[in-house]
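Residue numbering for the sequence shown follows our numbering, beginning at 1 and increasing consecutively. The beta carbon of each residue, even a glycine, is placed where N, CA and C say it ideally should be.
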Amino acid sequence: MRQRKGKVAYLFLAFLFLGFGSGRIQAEASRPVFPFPIDKTILDNGLTVLSIPFDSPGIISYYTIVRTGSRNEVEKGLSGFAHFFEHMMFRGTEKYSQEAYNNVLKSIGADSNASTSDDWTIYYMTIPASALGKAVEIESDRFQNLKYDEPSFQKEARAVLGEYNKSASSPFLKLYEALQDKAFTAHTYKHTTIGFLADIKDMPNQYAYSKVFFDRWYRPENCTIIVAGDVKHSELVNIAKQHYGGWKRGSAHVEITAEPPQTERRTAKLTWPVPTLNTLLLGYHIPATDARNPDTAALDALAQAVFGETSELHQQLVLKEQKAVMLMAESEPKRDPGLFTILARARSAEDLAIVRKRIAEALETAAKTPIDEARLSDIKSHLRYEFATTLTTPSNETEITLESEVKK
């Protein structure tokens with residue numbers, strides 16, 4: 001069918017009924033799926049240091065995780081600063097200017113970058129194991145001594161607006177903005193990681209606040225260093241004490257408002273100015289990620305069982321009837337209660353209405369009828385194998401570890 005201008009995207013929010021057979025999702029006990037030891041030391045100032053020995057001769061991945069993401073942006077009108085500092089942290093210090101820092105990275109052959117989520121900000125590099133000492137030196141320097149003036153702050157703030165505008169050229173940013181805005185009325189998950197557009201536009205005027213944000217959150221007790229690969233824990237701890245030992249704890253205590261229970265369905269309807277596929281985005285409130293809560297595993301299994309490529313719904317809607325061109329679901333790990341999301345795309349509004357109805361029916365069936373034991377066994381095996389196949393590099397080891405260690 002031809003696509004028409006101004007296609008419609010719908011968002012629907014409701015309670016999630018957590019009766020999807022969570023008691024039947026149990027860990028397979030044959031052997032540990034994560035076979036690597038984790039050594040952990042907490043320095044006197046609260047900085048957590050982890051190491052994961054891994055067979056990568058001469059190579060390590062060095063991660064610094066700040067337990068601060070968009071969820072920590074509690075002041076009204078000041079969203080987006082966690083993501084902003086992902087940019088600003090490369091501006092340099094008195095000892096290592098931006099150019100000098102980059103030159104050091106080049107000299108040690110570092111592959112370096114950073115990322116921000118709702119829950120944390122991550123700075124990472126993969127380097128030769130022999131460069132561990134230099135990496136700790138330059139990273140500790142910028143975390144303790146970041147230096148920038150107002151003109152450079154404003155320049156980076158305008159760059160963030162440019163990044164927002166680029167992302168907003170796709171309907172997905174607007175979809176997820178609307179979803180989170182509708183789903184959350186009190187918790188800071190209400191805004192996306194990049195922040196509210198109005199706040200981003202005003203960011204160049206918030207130089208003084210940027211100093212407050214950095215001083216509040218970039219503190220040792222709020223940070224974790226994880227090194228995976230060809231590393232000795234004792235050596236890592238000794239170097240960390242040398243360079244991070246003088247970093248002083250912070251004193252700020254900020255309460256993040258809990259989201260009250262949702263009592264009725266909330267919806268939003270968006271239009272897009274150019275032709276695009278009709279899109280449905282559903283969000284269901286779920287508990288915070290907790291490996292001890294069987295619902296966490298049950299939701300991962302649910303996404304595969306009901307919406308995965310081998311599911312009956314996907315086979316019917318996408319392959320046989322071709323009512324949908326995309327169907328997927330995700331239970332994204334979150335420190336606080338988040339959302340189970342379902343995304344579907346169709347060529348026509350009529351097809352999308354059918355897809356919406358079939359999704360509702362599939363969820364109702366899943367809530368009432370246990371998943372077939374043989375299929376459930378296959379799903380658990382698939383999830384376990386999929387996880388195991390990621391354990392191939394030091395950086396993957398680190399990212400998997402931070403999911404469990406840093407969200408505590």
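| query | Under a Cβ-count criterion, where at least 16 other Cβ atoms within 10 Å of its own Cβ denotes burial, should D44 be classed as buried or exposed? | reply | Counting from 1 along the sequence shown, the entry for residue 44 is found at position 44. So D44 ends up on the exposed side.
| Which residues DSSP lists as bridging P273, in chain order | In the sequence shown, residue 273 corresponds to position 273, counting from 1. Paired residue(s): none; P273 is not in a bridge.
| task | Starting from T116, follow its DSSP beta bridges and name the residues at the other end. | result | Locating residue 116 in the sequence shown gives position 116, where the first residue counts as 1. T121.
| query | Secondary structure at M89, three-state DSSP: helix, strand or coil? | reply | Position 89 of the sequence shown holds residue 89. If DSSP states are grouped into helix, strand and coil, M89 belongs with coil.
| task | Please specify which runs of the alpha helix (DSSP H), each continuous and at least 4 residues long, are wholly inside the segment 183-217, giving them in chain order. | result | 197-202, 207-217
| field | Whole-angstrom distance between P275 and A301, CA atom to CA atom | value | Counting from 1 along the sequence shown, the entry for residue 301 is found at position 301. Counting from 1 along the sequence shown, the entry for residue 275 is found at position 275. Distance between the alpha carbons of A301 and P275 is about 35 Å.
| said: Can you find the residues in the same chain that come closer than 7 Å, C-beta to C-beta, to N293, ignoring five residues on each side of it along the sequence? | reply: For the purposes of this step, residue 293 is taken as residue 293 along the sequence shown, with counting starting at 1. Cβ neighbours of N293 beyond the five flanking positions: P287.
| field | Beta-carbon gap between H285 and Q322 smaller than 8 Å | value | Here residue 285 refers to the residue found at position 285 of the sequence shown. Here residue 322 refers to the residue found at position 322 of the sequence shown. No, these two residues do not count as a Cβ contact at 8 Å.
| field | Close beta carbons around A388, own chain, < 7 Å, minus the five adjacent residues each side | value | Residue numbering aside, residue 388 sits at position 388 when the sequence shown is read from its first letter. Around A388: V33.
| alpha helix (DSSP H) segments (min. 4 residues) lying fully within the segment 285-343 | 294-307
| field | Local Cβ density within 10 Å of E156, reported as buried at 16 or more and exposed below that | value | Position 156 of the sequence shown, counting from 1, holds the residue named residue 156. E156 comes out buried.
| message | Beta-carbon within less than 6 Å of S22's beta-carbon, same chain only, minus the 5 sequence neighbours each way: which residues are those? | response | The count along the sequence shown starts at 1 and reaches residue 22 at position 22. At S22 the pLDDT is 40, less than 50, meaning the model places this residue with poor confidence and gives no usable figure here.
| request: Throw me the rounded Cβ distance for the I60 and A159 pair, which I believe falls under 8 Å. | output: The count along the sequence shown starts at 1 and reaches residue 60 at position 60. The count along the sequence shown starts at 1 and reaches residue 159 at position 159. With a Cβ gap of about 30 Å, I60 and A159 do not count as contacting.
| So, is A29 buried or exposed, given that buried needs 16 or more other C-beta atoms within 10 angstroms? | Taking the first residue of the sequence shown as 1, we reach residue 29 at position 29. Any reading at A29 is ruled out, since the residue's pLDDT is 47, under 50, leaving its predicted position unreliable.
| query | Are the beta-carbon atoms of T390 and I226 separated by less than 8 Å? | reply | As a first step, residue 390 is located in the sequence shown; it is residue number 390 there, counting from the start. As a first step, residue 226 is located in the sequence shown; it is residue number 226 there, counting from the start. Against a cut-off of 8 Å, the Cβ pair of I226 and T390 comes out as no contact.
| Rounded Cβ spacing between H191 and I256 (contact assumed at less than 8 Å) | Translated into the one-based positions of the sequence shown, residue 191 becomes position 191. Translated into the one-based positions of the sequence shown, residue 256 becomes position 256. With a Cβ gap of about 13 Å, H191 and I256 do not count as contacting.
| query | When the Cβ atoms of the segment 195-204 are set against those of the segment 161-171, are three or more pairs found closer than 8 Å? | reply | yes
| request: Report the option in K76, T365, L175, R142 whose CA atom is closest to the CA atom of K269. | output: By one-based count along the sequence shown, residue 269 stands at place 269. Nearest C-alpha to K269: L175.
| Cβ atoms of K380 and D118: under 8 Å apart, would you say? | On the sequence shown, residue 118 is found 118 positions in, with the first residue counted as 1. On the sequence shown, residue 380 is found 380 positions in, with the first residue counted as 1. No, they are not a contact pair.
| query | Under the three-state reduction of DSSP, which class applies to Y62: helix, strand or coil? | reply | As a working mapping, residue 62 is identified with position 62 in the sequence shown. Three-state DSSP puts Y62 in a strand.
| Under 8 Å between the Cβ atoms of A366 and V306? | By one-based count along the sequence shown, residue 366 stands at place 366. By one-based count along the sequence shown, residue 306 stands at place 306. Contact flag set, yes.
| field | Assigned secondary structure, I50 (DSSP; H/G/I helix, E/B strand, else coil) | value | One-based indexing of the sequence shown puts residue 50 at position 50. First, the residue type needs correcting, since residue 50 is Leu and not Ile in the sequence shown. Looking at L50 - three-state DSSP - the assignment turns out to be strand.
| In or out: I342 buried (at least 16 other Cβ within 10 Å) or exposed? | As a first step, residue 342 must be located in the sequence shown, where it is residue number 342. Looking at its Cβ environment, which holds 16 or more other Cβ atoms inside 10 Å, I342 is buried.
| request: Evaluate R265 with the Cβ neighbour count: other Cβ atoms within 10 Å of its Cβ, from every protein chain shown; 16 or more gives buried, anything less gives exposed. | output: Locating residue 265 in the sequence shown gives position 265, where the first residue counts as 1. Exposed, since its Cβ has fewer than 16 Cβ neighbours within 10 Å.
| D290 burial status per 10 Å Cβ neighbour count (16 or more: buried) | For the purposes of this step, residue 290 is taken as the residue at position 290 of the sequence shown. Exposed is the call here.
| message | Do D39 and S56 count as a contact pair if the criterion is CB distance below 8 Å? | response | Numbered from 1 along the sequence shown, position 56 holds the residue referred to as residue 56. Numbered from 1 along the sequence shown, position 39 holds the residue referred to as residue 39. For S56 and D39, no; Cβs fall outside 8 Å.
| request: Thinking A344 and L280 are a contact (beta carbons under 8 Å), I'd like their distance in whole angstroms, please. | output: Position 344 of the sequence shown, counted from the first residue, corresponds to residue 344. Position 280 of the sequence shown, counted from the first residue, corresponds to residue 280. A344 to L280, Cβ: 5 Å. Contact.
| Using a Cβ-Cβ cut-off of 6 Å (strictly less than) and excluding sequence neighbours within five positions of Q98, which residues of its own chain qualify? | Counting from 1 along the sequence shown, the entry for residue 98 is found at position 98. Excluding sequence neighbours, Q98 sits near R91, G92.
| Own chain partners of A346 with C-beta closer than 7 Å, once the 5 adjacent residues on each side are dropped | Position 346 of the sequence shown, counted from the start, is the residue given in the question as residue 346. L277, N278, K323, A324, V325, L352, V355, listed in sequence order.
| Which one of A135, Y96, K95 has the shortest CA to CA distance from S112? | Position 112 of the sequence shown, counting from 1, holds the residue named residue 112. Of the listed residues, the one whose Cα sits closest to S112 is A135.
| field | Inter-residue Cα distance where the pair is L327 and S115 | value | Numbered from its first residue, the sequence shown carries residue 327 at position 327. Numbered from its first residue, the sequence shown carries residue 115 at position 115. So the alpha carbons of these two residues sit roughly 27 Å apart.
| task | Return yes when the C-beta of T193 is under 7 Å from any heavy atom of the ligand ADP, and no when it is not. | result | The ligand ADP is not part of this structure, which contains no ligands at all.
| request: May I ask you to report which of helix, strand or coil DSSP gives D44? | output: Here residue 44 refers to the residue found at position 44 when the sequence shown is read from its first residue. Of the three classes helix, strand and coil, the one that applies to D44 here is coil, per DSSP.
| field | G80 and L179 closer than 8 Å at C-beta | value | The residue given as residue 80 occupies position 80 in the sequence shown. The residue given as residue 179 occupies position 179 in the sequence shown. No, Cβ-Cβ distance for G80 and L179 is not below 8 Å.
| query | Can you tell me where the alpha helix (DSSP H) with T398 in it begins and where it stops? | reply | Along the sequence shown, one-based indexing puts residue 398 at 398. That run of the alpha helix (DSSP H) goes 394-405.
| message | Tell me which residues share the same chain as T401 and place their Cβ nearer than 7 Å to its Cβ, disregarding the 5 neighbours each side in the sequence. | response | Your numbering for residue 401 matches position 401 in the sequence shown. Correct list, in chain order: I38, L50, I52, I226.
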